[in-house]
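Below: one structure, written as structure tokens.
This is the structure we're talking about:
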């Protein structure tokens with residue numbers, strides 16, 4: 116797995132290359148820069164890839180998904196409203212720990228009685244389905260997986276993997 | 016049966032081909048192509064290896080690229096405008112076969128197989144791209160021509176299967192004769208565009224084509240050699256995205272929607288695709304039509320949903336062996352494609368492909384994805400649009416959604 120700095124460098128190169136090619140996705144955001152990479156794990160905790168946010172002013176409006184070898188898996192935008200950047204949704208990976216726990220509590224999934232792990236950024240399913248995972252424990256064993264994102268909260272019994280049924284999407 | 020043509024129809028002169036090679040190498044180097052970082056200061060072999068089509072027309076020129084220790088690669092350029100591009104391939108490393116050795120091997124094989132004839136090596140032929148062989152002419156004892164045979168340059172094996180209907184990679188065939196008139200015309204037009212680009216480059220940066228640049232000079236000129244978008248007619252990449260209306264001044268046309276729940280990826284994908292066809296439904300209605308359950312949506316449910324929600328005016332077809340070229344074909348026909356990866360559905364709305372790549376590697380390919388993830392109950396506040404490296408994910412299926420052929 117490449118380092119955080121290498122991931123940042125790779126994302127910067129990818130962004131510059133897209134700009135040089137005149138990629139329309141980015142032409143509407145002329146002042147993009149790459150933010151600090153965040154490591155995304157699979158639900159079991161194994162590191163999978165780096166997600167590098169693309170920032171315009173104080174808003175996250177895009178991302179680069181950097182693979183363990185430094186290859187670029189995906190690069191794109193999460194907002195197409197440059198004239199109203201204040202309406203751009205905060206991407207899940209950019210949520211703060213306080214925001215995450217507030218969301219989880221507001222949804223009723225997390226209570227003061229729960230023994231909860233620190234949130235970790237995971238992909239719930241294939242790469243790209245990024246969510247924060249909070250694991251609760253009961254009687255010393257993993258109990259529930261609470262997935263928190265900018266759009267909402269859902270939960271499953273701990274250990275239940277999304278996509279276990281290959282016939283469903 | 017291949018008819019040998021005496022007169023080439025769309026010959027590219029070696030000098031012109033060399034200029035295409037030089038432009039490609041220097042621009043790629045100046046543009047920072049990692050694998051060509053040593054090529055900027057490299058020299059080129061003075062004479063090209065000529066490779067012919069099976070029908071006898073010149074097909075490629077191969078120029079050796081020389082580093083300090085010898086050949087570090089080759090540029091294969093078009094010798095015929097019918098090829099459709101100036102530079103066909105950039106090959107790195109030493110050639111795996113030696114022309115002189117290959118000729119000796121072919122003549123020895125000819126003597127073994129046809130002992131009563133005399134043999135003469137005539138030319139290198141591309142008999143099944145990228146396979147190269149040597150055409151050997153056979154003569155009887157009276158010096159009369161008896162015909163020709165082809166031996167592969169790598170192992171000396173005789174090429175015996177001819178035609179273009181056989182298994183890919185097995186049959187020898189004429190590349191140029193396989194092009195119909197329309198395709199030939201289109202390819203020559205593409206080549207001519209590249210030729211214009213070359214002239215534009217010469218006008219703007221004449222020293223791009225100077226063979227005698229010293230190392231210091233070439234480093235100083237690096238910035239000038241970098242592809243300038245103002246006159247770039249040959250892109251390093253080709254791409255296409257969905258358009259609204261194919262005529263006049265079409266604009267990009269596809270709307271991103273977030274999935275409203277964490278299991279509505281196929282539903283939101285359906286909403287985006289149905290919207291494209293001007294059939295507007297909310298995600299609740301689509302989920303009902305697709306039979307979405309607590310854990311997601313089956314592919315058969317998705318197919319049924321597209322067809323029922325369009326009253327049969329749309330045909331949906333499941334393809335369990337997703338291939339990049341199939342997605343490209345749909346986009347070229349201006350149709351979105353549902354792209355399945357394990358446990359997730361998205362929409363493919365464009366394709367992109369590298370135009371220059373190193374021999375022995377695959378060109379990089381991407382799809383533009385309208386992904387309904389991240390989910391959000393407000394469909395306008397989630398999802399993402401991005402270019403995805405085709406090889407970075409496992410592709411499980413496509414669903415093609417097309418207008419039904421029957422009237423509705």
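Chains as they are written, first to last, in our numbering: chain R, 116 to 284; chain H, 16 to 423.
Glycine included, every Cβ here is placed at the ideal spot set by N, Cα and C.
Quantities reported herein were computed from a predicted structural model and do not represent experimental measurements.
Residue 329 of chain H places its beta carbon 9 Å or farther from that of residue 238 of chain H. Contact note: residue 163 of chain H does not reach chain R at a C-beta cutoff of 8 Å; the least C-beta distance is about 46 Å. One thing to note: residue 202 of chain H has its Cβ no nearer than 9 Å to the Cβ of residue 34 of chain H. Assignment of residue 277 of chain R by DSSP, reduced to helix, strand and coil, places it in the coil class. Residues 79, 109 of the same chain have their beta carbon placed closer than 6 Å to that of residue 86 of chain H, with the five preceding and five following residues left out of the count. Per DSSP, reduced to three states, the secondary structure at residue 331 of chain H is strand. Using a Cβ-Cβ cut-off of 9 Å, residue 139 of chain R is close to 256, 267 of chain H, given in chain order.
Ranked by Cα distance from residue 379 of chain H, the first of H:407, H:355, H:171 is H:407. For residue 360 of chain H, the beta-bridge partners assigned by DSSP are H:355. Of all C-beta pairs linking the region 125-139 of chain R to the region 201-208 of chain R, fewer than three are shorter than 8 Å, placing the two stretches out of contact. If you draw a 10 Å sphere on the C-beta of residue 63 of chain H, you find 16 or more other C-beta atoms in it, and that means buried.
Here residue 231 of chain H is exposed: its Cβ has fewer than 16 other Cβ atoms, across all protein chains shown, within 10 Å. Boundaries of the alpha helix (DSSP H) around residue 215 of chain R: 212-221.
Contacts with chain R at 9 Å (Cβ-Cβ) include residue 403 of chain H. Residue contact check for residue 76 of chain H against chain R: no CB pair falls below 9 Å. Burial of residue 54 of chain H is indicated by the presence of at least 16 other C-beta atoms within 10 angstroms of its C-beta.
The C-alpha of residue 270 of chain R is placed about 18 Å away from the C-alpha of residue 208 of chain R. Proximity to residue 125 of chain H across H:99, H:154, H:219 peaks at H:154, based on C-alpha coordinates. Within the region 302-328 of chain H, the residues whose Cβ lies closer than 8 Å to some Cβ of chain R are 308, 310, 311, 312, 313, 314, 317, listed in chain order. Per DSSP, residue 101 of chain H lies in no beta strand (DSSP E) segment and is marked neither H nor E. For residue 336 of chain H, not one C-beta of chain R is nearer than 9 Å to its own C-beta.
Taking a cut-off of 8 Å on C-beta distances, the region 274-294 of chain H touches the region 390-403 of chain H, as three or more cross pairs fall below it. By the criterion of a C-beta distance shorter than 6 Å, residue 271 of chain H is surrounded in its chain by 385, 398, 400, once the five residues flanking it on both sides are discounted. Taking C-beta atoms under 8 Å as the contact rule, residue 150 of chain R and residue 176 of chain R fail to qualify, at a distance of about 11 Å. Within the region 356-373 of chain H, the residues whose Cβ lies closer than 8 Å to any Cβ of chain R are, in chain order, 356, 357, 358, 359, 360.
Annotated as distal: residue 223 of chain H and residue 51 of chain H, with beta-carbon spacing of 9 Å or more.
Residues 158, 246, 262, 277 of the same chain have their beta carbon placed closer than 7 Å to that of residue 239 of chain R, with the five preceding and five following residues left out of the count. Taking 9 Å as the Cβ-Cβ cut-off, the region 279-301 of chain H approaches chain R at 280, 281, 284, given in chain order. Of the candidates H:148, H:106, H:132, H:103, H:148 places its Cα closest to the Cα of residue 115 of chain H.
According to DSSP, residue pairing for residue 404 of chain H in a beta bridge involves H:381. The residue among H:236, H:240, H:74, H:134 with its C-alpha nearest the C-alpha of residue 39 of chain H is H:240.
If the five residues before and after residue 258 of chain R are omitted, its C-beta is found closer than 7 Å to the C-beta atoms of 251, 252, 273, all from its own chain and listed in chain order.
As DSSP reads the structure, residue 165 of chain R sits in a beta bridge with R:154, R:181.
If you draw a straight line from the Cα of residue 289 of chain H to the Cα of residue 194 of chain R, it is about 22 Å long. Residues of chain H whose Cβ lies closer than 7 Å to the Cβ of residue 280 of chain R are, in chain order, 310.
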